[in-house]
Amino acid sequence: MKKLVFVALVLLITPAFADVRYTKKVTFQNGEAEGMSMNTTTFLKARRERVDTVMQAGPMKIQQTELTLCDLEKRARLDAELKIYTSSPLRPQLSELRNPMNPENKPESAPVQPGTGTYTMTYKVQDLGVEKVAGLDTHHYRLQINMVSTGCAGDSQNSMDREIWVADLPRLECPVLDASSDFSMKASEKDPTPCKIKLIQQGDVKLYQAAMKGEPVKEILYHEGKPMMTTELTEYSSAALEDSLFSLDGLNPVSEGEFQQQTQARMMRQFRP
2 MKKLVFVALV
12 LLITPAFADV
22 RYTKKVTFQN
32 GEAEGMSMNT
42 TTFLKARRER
52 VDTVMQAGPM
62 KIQQTELTLC
72 DLEKRARLDA
82 ELKIYTSSPL
92 RPQLSELRNP
102 MNPENKPESA
112 PVQPGTGTYT
122 MTYKVQDLGV
132 EKVAGLDTHH
142 YRLQINMVST
152 GCAGDSQNSM
162 DREIWVADLP
172 RLECPVLDAS
182 SDFSMKASEK
192 DPTPCKIKLI
202 QQGDVKLYQA
212 AMKGEPVKEI
222 LYHEGKPMMT
232 TELTEYSSAA
242 LEDSLFSLDG
252 LNPVSEGEFQ
262 QQTQARMMRQ
272 FRP
């Protein structure tokens, strides 16, 4: 279930030009999450992004907030009710790493090892033309991606099958997250020996890059040819946003383990009489 959340929160990087808020509804059609619903609200301001997620599964309601602070080159998860947060350095992102249907994948939190490695991305892309979705002009694509990693990137093979309708909407500009060419990752900010990644792209590369220039206003994720998860834009606003939405002021920093422990305990209190 955790990996499903990661997929839903995936946003590839293009520039943001103004304050933006938009909400997307995520529904699940297949697998262990069938019947579960999720809403994500994304806030953009300058070089910062906030994503609020509310997930409903029967009587259980899970709320999560994540900040991407490009100016500080770190990401933070916070819990306003508990007044705590945990943070980590930003690393380049590849959405195809997060396929929820491949449980053998390397976990998101796996340690970064020093040395060299490769990501080989093979793209098969169908350009399905222009369509109107959610009142917006969109371009429709079907993307099938296969990724093989080696070396310090970890030895794995993953695939992703997505159908997207993208529009020309503002998005986060954060160069440190760019994974469109060779890059390096570190286990921590102080680590002097990074994992140096060579990115190899093949197949319909130019068409894939064209598809990634827009913000998805609708997306269908497939597993074995069947729809598994659908994401749709439900609300969009360009009204000014308060700086406090993107601040950690008043919150106490804790370790990842302590954050997990405290938030899980709060969630379990929902079921106590």
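So for the sequence shown, my numbering puts the first residue at 2; every next one is plus one. All C-beta atoms in this analysis are idealised placements derived from N, C-alpha and C, irrespective of residue type, glycine included.
- L242 and Y86 do not touch by the CB rule: their CB atoms are close to 19 Å apart, not below 8 Å.
- Taking the CA atoms as reference points, K62 sits about 15 Å from T28.
- Annotated three-state conformation of L129 is strand, per DSSP.
- Every unbroken stretch of the alpha helix (DSSP H) spanning 4 or more residues and falling wholly within the segment 212-271 is given here in chain order: 257-269.
- In this structure, I146 is the residue among L173, I146 and E236 with its C-alpha nearest to the C-alpha of E164.
- Take the alpha-carbon of Q57 and the one of Q64: they are about 9 Å apart.
- Under DSSP, the beta-bridge partners assigned to Y142 are D128 and I165.
- Following the DSSP letters along the chain, one finds N31 in no beta strand (DSSP E), marked with neither H nor E.
- If you check the CB distance, P93 and L173 do not come in under 7 Å.
- Inclusion of L79 and T66 in the CB contact set at 7 Å is warranted, their separation being smaller than that value.
- Taking 3 residues as the minimum length, the beta strand (DSSP E) runs contained wholly in the segment 48-82 are 49-58, 61-70 and 75-80, in order along the chain.
- The closest CA to that of S160, considering only T231, H141 and T121, is found on T121.
- Listed as beta-bridge partners of L200 by DSSP are Y120.
- Spanning the alpha carbons of G118 and Q203 requires a straight line of approximately 17 Å.
- Beta bridge pairing from DSSP links G152 with G118.
- Secondary-structure assignment with DSSP links T42 through a beta bridge to T24 and D53.
- Non-local C-beta neighbours of M230 in its own chain, meaning closer than 6 Å and more than five positions away in sequence, comprise F29 and L222, ordered along the chain.
- Residue environment: G215 is assigned as buried (16 or more neighbouring CB atoms within 10 Å of its CB, all protein chains considered).
- Using a Cβ distance threshold of 7 Å, V126 and Y237 do not count as a contacting pair.
- Judged by DSSP in its simplified three-state form, P90 adopts strand.
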